[in-house]
Amino acid sequence: MYCLIKPTNKSVRRLIGETSGRTVPERTGGEMSVLTLEGVSKHFGAIQALEEVSLTLGAGEVLGVMGDNGAGKSTLVKIIAGNYRPSEGRIFIAGEQKAFHRPIEARQSGIEIVYQDLALCDNLTAATNVFLGRELTRSFGPFRIMDYAAMNAAATKLFRELKSETRPRDLVRDMSGGQRQAVAIARTRLASARIVLMDEPTAAISVRQVAEVLNLIRELKRQQIAVILISHRMPDVFAVADRITVLRRGRKVADKPTSETTPEEITGLITGAIQAA
Ligand SMILES: Nc1ncnc2c1ncn2[C@@H]1O[C@H](COP(=O)(O)OP(=O)(O)OP(=O)(O)O)[C@@H](O)[C@H]1O
Ligand SMILES: [Mg+2]
Numbered sequence: 169m170y171c172l173i174k175p176t177n178k179s180v181r182r183l184i185g186e187t188s189g190r191t192v193p194e195r196t197g198g199e200m201s202v203l204t205l206e207g208v209s210k211h212f213g214a215i216q217a218l219e220e221v222s223l224t225l226g227a228g229e230v231l232g233v234m235g236d237n238g239a240g241k242s243t244l245v246k247i248i249a250g251n252y253r254p255s256e257g258r259i260f261i262a263g264e265q266k267a268f269h270r271p272i273e274a275r276q277s278g279i280e281i282v283y284q285d286l287a288l289c290d291n292l293t294a295a296t297n298v299f300l301g302r303e304l305t306r307s308f309g310p311f312r313i314m315d316y317a318a319m320n321a322a323a324t325k326l327f328r329e330l331k332s333e334t335r336p337r338d339l340v341r342d343m344s345g346g347q348r349q350a351v352a353i354a355r356t357r358l359a360s361a362r363i364v365l366m367d368e369p370t371a372a373i374s375v376r377q378v379a380e381v382l383n384l385i386r387e388l389k390r391q392q393i394a395v396i397l398i399s400h401r402m403p404d405v406f407a408v409a410d411r412i413t414v415l416r417r418g419r420k421v422a423d424k425p426t427s428e429t430t431p432e433e434i435t436g437l438i439t440g441a442i443q444a445a
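445 is the number that this note's numbering gives the last residue of the sequence shown; the numbers go up by one with no jumps.
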């Protein structure tokens, strides 16, 4: 993807400090869900991508979403992230009904997404991609100009935290899958996210980097951030998910605590060899 950037006047410097010292959202009675979907459906013309999917997600909960190709997983997270409007159904964030028209609105509600295709700007550097839409600026006479030095320094720190060898000044066009992944994840670290949606974050990266991504998910959980992890990789999901939801042809066919299921059962639910209860 090719992108043009322009400086914003917003003060975003405070975002840097928020990567570690964030405030944990309050939980009322410990039971309040950060995200609730009620009967969400989505069709694209004649294709029924999602059919009446309901689910809830608590603060600090990691939900694994599994399903075959075309099961509706990406559609589900794109609806939560404001990329698509649901054809039917309702979405609640911390108990409040929301209808996002654009991704920025979801983001303002604390929802960050790491897309399956990563959706990065190939022509820009790693650091610029990390700060896209919330660029750091500084005064230059009467003007606001981009503060590339500050962005590079902050990005260096984030990549170090992620144990990634990504260099802030490298162009995304020239990066490996794992390095792109680190850029996408570093973006979520900058925001004061309550919910992080990850679409196949470990599909195209090395073994060592998979471990880092899983550690990052655990760290998000520790900070009471809820995570939806879409993955085809059974070991990754079983390593970090508290619960597993299975989608099959757009329908939710199972939603189980990880401790009460097995990879064999989940595989059966994905393929349809095991029928939903
Ligand atoms: N923008 C779109 N326009 C038309 N059809 C779409 C669109 N996005 C998704 N679909 C269709 O909706 C269904 C669900 O797609 P989705 O991308 O959500 O599947 P998925 O579970 O993420 O699959 P994968 O594991 O391959 O990523 C598929 O039949 C797909 O072809
Ligand atoms: Mg997908």
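Note that the Cβ used here is the ideal one computed from N, Cα and C, for glycine as well.
Within 8 angstroms, strictly: CB atoms of residue i and residue j
| i | j | result |
| --- | --- | --- |
| Thr224 | Ser242 | no |
| Ala409 | Val230 | yes |
| Val364 | Leu388 | yes |
| Pro271 | Gly240 | no |
| Ile442 | Glu428 | no |
| Arg401 | Thr426 | no |
| Ile261 | Leu203 | yes |
Residue range of the unbroken beta strand (DSSP E) whose run includes residue i
| i | result |
| --- | --- |
| Thr204 | Ser201 to Phe212 |
| Ala402 | Per the sequence shown, the amino acid found at residue 402 is Met instead of Ala. Met402 -> not in any beta strand (DSSP E); alpha helix (DSSP H) instead, spanning Met402 to Val408. |
| Met366 | Ile363 to Asp367 |
| Arg390 | That residue, Arg390, is in no beta strand (DSSP E); its alpha helix (DSSP H) goes Val375 to Arg390. |
| Ser307 | Thr305 to Phe308 |
| Thr224 | Ile215 to Gly226 |
| Lys420 | Arg419 to Pro425 |
| Ala394 | Ala394 to Ile398 |
Whole-angstrom C-beta distance between residue j and residue i, which should lie under 8 angstroms
| i | j | result |
| --- | --- | --- |
| Ser374 | Ala350 | Not quite, the Cβ-Cβ distance comes to about 11 angstroms (not below 8 angstroms), so this is no contact. |
| Gln392 | Ala274 | Contact doesn't hold; Cβ gap of about 19 angstroms is too wide. |
| Val395 | Ile353 | Not quite, the Cβ-Cβ distance comes to about 11 angstroms (not below 8 angstroms), so this is no contact. |
| Arg302 | Asp315 | Going by Cβ atoms, the distance from Arg302 to Asp315 rounds to 12 angstroms, so no, they are not a contact pair. |
Residue i beta carbon near ligand 1 (any heavy atom closer than 7 angstroms)
| i | result |
| --- | --- |
| Phe463 | No answer is possible for residue 463: the residues shown for the chain start at 169 and end at 445. |
| Asn237 | yes |
| Ile281 | no |
| Ala352 | no |
| Ile215 | yes |
| Phe308 | no |
For residue i, the first and last residue of its enclosing alpha helix (DSSP H)
| i | result |
| --- | --- |
| Phe268 | Run containing Phe268: none; DSSP gives neither H nor E here. |
| Phe311 | Phe311 -> not in any alpha helix (DSSP H); beta strand (DSSP E) instead, spanning Phe311 to Met314. |
| Pro254 | Run containing Pro254: none; DSSP gives neither H nor E here. |
| Ala352 | Gly345 to Leu358 |
| Thr435 | Pro431 to Thr439 |
beta-carbon residue i near ligand 2 non-hydrogen atom, thresh 7 angstroms
| i | result |
| --- | --- |
| Ser242 | yes |
| Asp404 | no |
| Asp367 | yes |
(message) With three or more beta-carbon pairs closer than 8 angstroms as the criterion, would you say the region 409–425 touches the region 230–239?
(response) yes
(request) Kindly confirm or deny that the region 205–214 and the region 239–258 touch, where touching means at least three C-beta pairs closer than 8 angstroms. (result) yes
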